[in-house]
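The numbers in the sequence shown follow this note's numbering, run straight up by one, and end at 532. Below is one structure, written out as structure tokens; the observations come after it.
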Amino acid sequence: MTLQQVVRTAARTTARTPKKLLTTWRRSIQTRVVVYTVLLTAAAVSLVGLILLEQIGDELVQDRVAAAKAEASEELSAARSSIAETSGANGGTPLQRNDLGDPIIQRSVSRGYGVVMAGPVTSTSGRISDDGVEWTPGVDVRSVPRSLEDRFQTIRAEPAWTYTRIAYDDEERSSTPGIVIGSQLELHDDTYNIYFLFPMDQEQETLGVITRGLLAAGAILILLIGVGSWIVTRHVVTPIRIARRTAERLAAGRLEERMVVHGEDDLTGLALSFNQMASGLQNQIRQLEHLSRVQRRFSSDVSHELRTPLTTVRMASDVLYEARDTFDASTARAAELLQTELDRFETLLSDLLEISRFDAGAAVLDLYDTDLTALAHAVVEAYTPLADKRDIELKVVAPDRPCMAQVDHRRVERIVRNLVANATDHALVGQTVTIRIDSDEHAAALTVRDHGVGLAPGETALVFNRFWRADPARDRSSGGTGLGLSISLEDAHLHGGWLQAWGRPDQGAQFRLTLPRYAGTVLRHSPLPLVPADARDTLEAS
């Protein structure tokens, strides 16, 4: 494998990883419960840990401050005692100051804290930056805060302390947090400022040890709770997953599938209820299948058995119809009505037989390339005499090119005939029924638009029901059976196509047939809109 292939493989893996994680997050309730539990536990442990660290840190600092004050007070008391004992001795002030400061500095080195001694305090001197300052070797005198130094620029200032960061002259030794305590010493007629710098490195180390311990304990606690929540949720989710898989197998037709039941807890009760539900559904489905088979067989048997007497009646009716001119007016009219109703009865029988084939799943397609434009013109030509009787114009709007599709010509022609007949029945006198055809590289479509009474809201779904009529009181001119649109919908579905309806009261209706141009292609869109352009213009204007 070349370097480029390795890079492309790694890139694809990296790109797929977030998608896989997102898919797992959406589909797995166990993952979400474990993540939520771990996050909430981490938040709780962090909050408790911060509170404990703050309290422990405050206690350590307070103890250190108290110890530093006591140690500084002890040093000041010893220094004042030394001053009192040597106040009558012979010697100059500098000598006494050195004798006083050197022991304090030496003790600070051995005891681990720093001392800075400045003075004497006057109106122009007494700061650490002036000459004559003594301090513990290695301690940076700038560790004394400026604010504390300003406090002791007057004689007889009260002792004070503050937090600071103690720096050292040695670059290898890092600065540490600490406490600085300031006070004044009177030596003869002069006043000196003395600052004690107590580092808190031990307290910082102790707090670090406690922090690491809390972090380790918190991590272990979060891990244990995460594992525990995973085990608990797995115990709960596993039966649910089994129920889902069982339900999928039941939906696939394996009605004998059941969940394995063991135990006596709530999940066992769920499994028992699920199995009872599955048994009930199995019984109901079997009963419905039996009733459906009986119904389909009844429809098929009745349709076939009626063929023989219908043929006999048809022969007698043809004889009467041929001799109607020799009958009186009422008898001739009766012969004509008998012929018309027999035609309608034969059509109804044919439709019932077709419906029974669809119900039995026995309908098959005889596919070959068909030009929908030519098919539409043939249907319009056949229905033009009927439309002329009602003063209705049938108009075909199609592109100059052929609109080809792999379809069953007989079934698609039946769909178009039903749509044109339906539009002719519902169109108002003097209106135009427009048949539009168009296609693209994936689909071919045909719409039939009428300007009749239209469809009320909700009727676009009912119009394809068997024997449903929008206006039962209205006379039909084409002698339909009430099964035409139902059969047309089944024919469209058999092709993998769509048959849809649109309508508005007093704006007419439009039916759209969309078929894939090639057998087996899944439809994604239709070349023609379902809502007609004139209806959209009316809606936009309103």
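Virtual Cβ for every residue (Gly too), placed ideally from N, Cα, C. Given the structure is predicted, the values throughout are model-derived calculations rather than measurements.
Distance, residue j Cα to residue i Cα
| i | j | result |
| --- | --- | --- |
| PRO392 | VAL419 | 32 Å |
| PHE288 | GLU336 | 17 Å |
| ILE19 | TYR26 | 10 Å |
| GLY448 | LEU489 | 16 Å |
| THR83 | ASP121 | Since pLDDT at THR83 reaches only 46, below the 50 mark, its modelled position is unreliable, and the value read off the structure follows with that caveat. One C-alpha to the other measures close to 16 Å. |
| GLU65 | ILE94 | 7 Å |
| LEU37 | LEU214 | 18 Å |
| GLY253 | LEU29 | 33 Å |
| GLN174 | ARG132 | 18 Å |
| SER468 | ALA411 | Because the pLDDT of SER468 is 49, which lies under 50, any placement of that residue in the model is unreliable, and the number read from its coordinates should be weighed accordingly. Whole-angstrom Cα-Cα distance: 7 Å. |
| LEU281 | GLU312 | 44 Å |
| ASP415 | SER263 | 54 Å |
| GLN274 | VAL397 | 37 Å |
| ALA463 | ASP256 | In this predicted model, ALA463 has a pLDDT of only 47, less than 50, meaning its place in the structure is not dependable; the value taken from the coordinates is given anyway. Taking the straight line joining both Cα atoms gives about 58 Å. |
| LEU513 | ARG502 | 14 Å |
| PRO517 | LEU505 | 10 Å |
| GLU238 | ARG17 | 16 Å |
| VAL387 | ALA364 | 12 Å |
| VAL370 | ARG248 | 57 Å |
| TYR185 | VAL199 | 30 Å |
| ARG224 | ILE232 | 12 Å |
| GLU279 | ALA434 | 36 Å |
| LEU50 | PRO8 | 47 Å |
Three-state secondary structure (DSSP) of residue i
| i | result |
| --- | --- |
| LEU513 | coil |
| GLN497 | coil |
| TYR373 | helix |
| ASP381 | coil |
| GLN421 | coil |
| LEU520 | coil |
| GLN272 | helix |
| ASP180 | strand |
| LEU260 | helix |
| PRO506 | strand |
| THR302 | helix |
| LYS10 | helix |
| SER173 | strand |
| SER429 | strand |
| THR166 | strand |
| VAL250 | coil |
Minimum C-alpha distance to residue i - residue among the options
| i | options | result |
| --- | --- | --- |
| ALA74 | HIS178, ARG136 and ALA108 | HIS178 |
| ALA150 | SER164, ARG163, VAL170 and ARG132 | VAL170 |
| GLN500 | ARG323, ASP440, SER478 and LEU12 | ASP440 |
| ASP359 | ARG507, GLN272 and ASP381 | ARG507 |
| ALA56 | PRO110, GLU148, SER137 and THR152 | THR152 |
| VAL250 | VAL386, ASP159 and ARG234 | ARG234 |
| LYS59 | ARG97, PHE188 and LEU40 | PHE188 |
| TRP220 | GLY91, ARG22, GLY39 and ALA388 | ARG22 |
| ALA353 | ALA482, PHE454 and LYS385 | ALA482 |
| ARG141 | ALA34, SER269, ARG117 and THR223 | ARG117 |
| ASN88 | ALA242, LEU473, ALA322 and TYR182 | TYR182 |
| LEU560 | LEU278, THR298, ARG426 and ALA325 | Here the chain has residues from -9 to 532 only, and residue 560 is not among them. |
| GLU480 | ASN455, ASP496 and ARG314 | ASN455 |
Residue i - containing beta strand (DSSP E), residue span
| i | result |
| --- | --- |
| TYR358 | 357 to 361 |
| PRO135 | Neither: PRO135 is in no beta strand (DSSP E) and is coded neither H nor E. |
| GLN396 | 394 to 398 |
| ILE156 | 150 to 156 |
| ASP440 | 433 to 440 |
Segment limits, alpha helix (DSSP H) that includes residue i
| i | result |
| --- | --- |
| ARG224 | 191 to 241 |
| ASP481 | 474 to 484 |
| ARG54 | 19 to 75 |
| THR450 | 449 to 452 |
For residue i: DSSP bridge partner residues
| i | result |
| --- | --- |
| ALA491 | PHE501 |
| THR316 | Looking at the DSSP assignment, THR316 forms no beta bridge with any residue, so it has no partner. |
| ALA108 | ASN183 |
| GLU124 | MET107 |
| GLU99 | A quick correction: the sequence has Val, not Glu, at residue 99. In the DSSP output, where bridge partners are listed per residue, VAL99 has none listed. |
| PHE188 | ILE169 |
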